[in-house]
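In order, the protein sequences belong to chains A and B.
If you count the first sequence from 1, position 80 lands on 79 in numbering that gives the first Met the number 0, and the numbers rise without skipping.
If you count the second sequence from 1, position 51 lands on 50 in numbering that gives the first Met the number 0, and the numbers rise without skipping.
Backbone N, C-alpha and C define an ideal beta-carbon position, used for all residues, glycine too.
None of the values given here were measured: they were computed from a predicted structure.
Presented below is the structure to which this report refers.
Protein chains: 2
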Amino acid sequence: MEVCITSLLRDRGFKVTPQRLAIYNMLSSTKSHPNAEMIFNELQAMYPTMSLATVYKTMEILKEIGLVQVLNAGEDSFRYDAVMTNHPHVRCTECGQVEDVYDINIDAFVNEVSQGTKYQIMGQQFYFHGICPTCQRKNSN
Amino acid sequence: MEVCITSLLRDRGFKVTPQRLAIYNMLSSTKSHPNAEMIFNELQAMYPTMSLATVYKTMEILKEIGLVQVLNAGEDSFRYDAVMTNHPHVRCTECGQVEDVYDINIDAFVNEVSQGTKYQIMGQQFYFHGICPTCQRKNSN
DNA sequence: TTTTTTATAGAAAACAATTATCGAGTAGTT
DNA sequence: AACTACTCGATAATTGTTTTCTATAAAAAA
Ligand SMILES: [Mn+2]
Ligand SMILES: [Mn+2]
Ligand SMILES: [Zn+2]
Ligand SMILES: [Zn+2]
């Protein structure tokens with residue numbers, strides 16, 4: 000993993016810096032799909048001098064070398080995911096958490112659309128919104 | 000149509016104004032999925048004093064009374080659609096146009112996800128991106 | 001119709017997410 | 001060690017959207 004990002008950065012002429020490693024490590028070890036600000040806040044303790052701009056610039060690079068994907072979950076800010084398979088997400092409209100939708104095969108659906116349109120489809124993004132189990136429980140009390 | 004919006008506005012205590020009618024008319028007679036700025040620009044000739052803020056505020060109201068839906072097509076701004084069925088969209092990454100994806104039944108897919116997750120799904124949004132027929136032709140020259 | 005009440009339009013300012021700029025600093029090379 | 005090019009992070013700029021405020025237009029009352 001760590002070897003991977005180091006060489007990927009170097010091969011493309013990007014320098015390997017503690018900030019970049021920290022950001023990628025943080026992202027690849029969480030399932031929370033954080034946005035830039037969450038990443039920034041989480042790393043602030045360990046890297047007190049790091050700025051939000053660095054997070055944004057690093058995400059740009061990580062996206063470029065194919066290590067992260069940018070999610071649009073219907074919010075005002077983007078979220079990031081170190082899992083590179085294209086999978087659907089669901090966001091809780093009450094607590095804001097974004098999770099993966101598991102066990103869903105999107106290929107059939109994507110193929111159907113690809114064949115039904117004259118566009119040359121390059122990618123897609125699916126997101127659902129609703130109420131998470133925790134908030135459902137909270138509501139029923 | 001016009002009766003519909005007029006009474007819908009009135010019933011909810013909103014006033015019926017020329018601006019609101021113009022914005023809704025423009026939106027419901029186009030297939031272009033315009034964003035706020037496009038709507039503003041298009042109406043500027045006829046309503047020279049109308050401001051962008053009015054467009055945004057009107058869209059908020061129209062959304063509230065169920066006459067428009069807000070689309071997130073993976074851009075930096077929102078697009079609006081007077082067609083209220085939930086249907087997928089495809090955006091051309093070269094010319095930026097956003098179109099409907101026709102002849103696709105999303106219900107089966109949505110149901111599958113609904114049953115596979117512990118979330119109580121309230122809605123979803125699917126968007127594809129790729130290259131439109133026009134831009135494909137342009138590219139091959 | 002005229003008056004009164006109340007919501008609205010639009011200008012301007014405020015906001016929030018993101019991007020650009022730039023000088024000092026640092027990694028990797030010679 | 002010295003050099004060079006890339007990068008960091010502070011700051012400013014940008015952009016889409018929302019809020020604020022007040023004259024005014026629309027609806028209700030008279
Ligand atoms: Mn994910
Ligand atoms: Mn549409
Ligand atoms: Zn929740
Ligand atoms: Zn195109």
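Residue j beta carbon less than 8 Å from that of residue i
i, j, result
"V89/A", "G115/A", "no"
"I105/B", "F125/B", "yes"
"G73/A", "N71/B", "yes"
"I22/B", "L42/B", "yes"
"P33/A", "R78/A", "yes"
"M58/B", "A35/B", "yes"
"D75/A", "V67/A", "no"
"V15/A", "F39/A", "no"
"V100/B", "V100/A", "no"
"Q96/A", "V109/A", "no"
"L8/B", "R19/B", "yes"
Assumed close pair residue i, residue j - CB separation to whole angstroms, cut-off 8 Å
i, j, result
"M25/B", "T92/A", "Not really, about 30 Å apart at Cβ, beyond 8 Å."
"Y118/B", "C94/A", "Incorrect: roughly 11 Å between the Cβ atoms, too far for contact."
Bridge partners - residue i, DSSP secondary structure assignment
i, result
"I120/B", "G129/A"
"C91/A", "G129/A"
"V69/A", "Y79/A"
Limits of the unbroken alpha helix (DSSP H) element including residue i
i, result
"E41/B", "35-43"
"Y79/B", "Looking at the DSSP string, Y79/B is not in any alpha helix (DSSP H); the run it does join, the beta strand (DSSP E), is 78-80."
"F108/B", "106-115"
"I60/A", "51-63"
First and last residue of the uninterrupted beta strand (DSSP E) at residue i
i, result
"Q18/B", "First-last for Q18/B: 17-27, but that is the alpha helix (DSSP H), not the beta strand (DSSP E)."
"D99/A", "97-99"
*Around ligand 2, which residues pass a check of Cβ closer than 6 Å to any of its heavy atoms?*
Residues lining ligand 2 by the Cβ criterion, that is a Cβ closer than 6 Å to any of its heavy atoms, are H32/B, D80/B, V82/B, H86/B, H88/B, D99/B in chain order.
*Using the beta carbon as the reference atom, which residues fall closer than 5 Å to any heavy atom of ligand 3, ordered along the chain?*
C91/A, E93/A, C94/A, C131/A, C134/A
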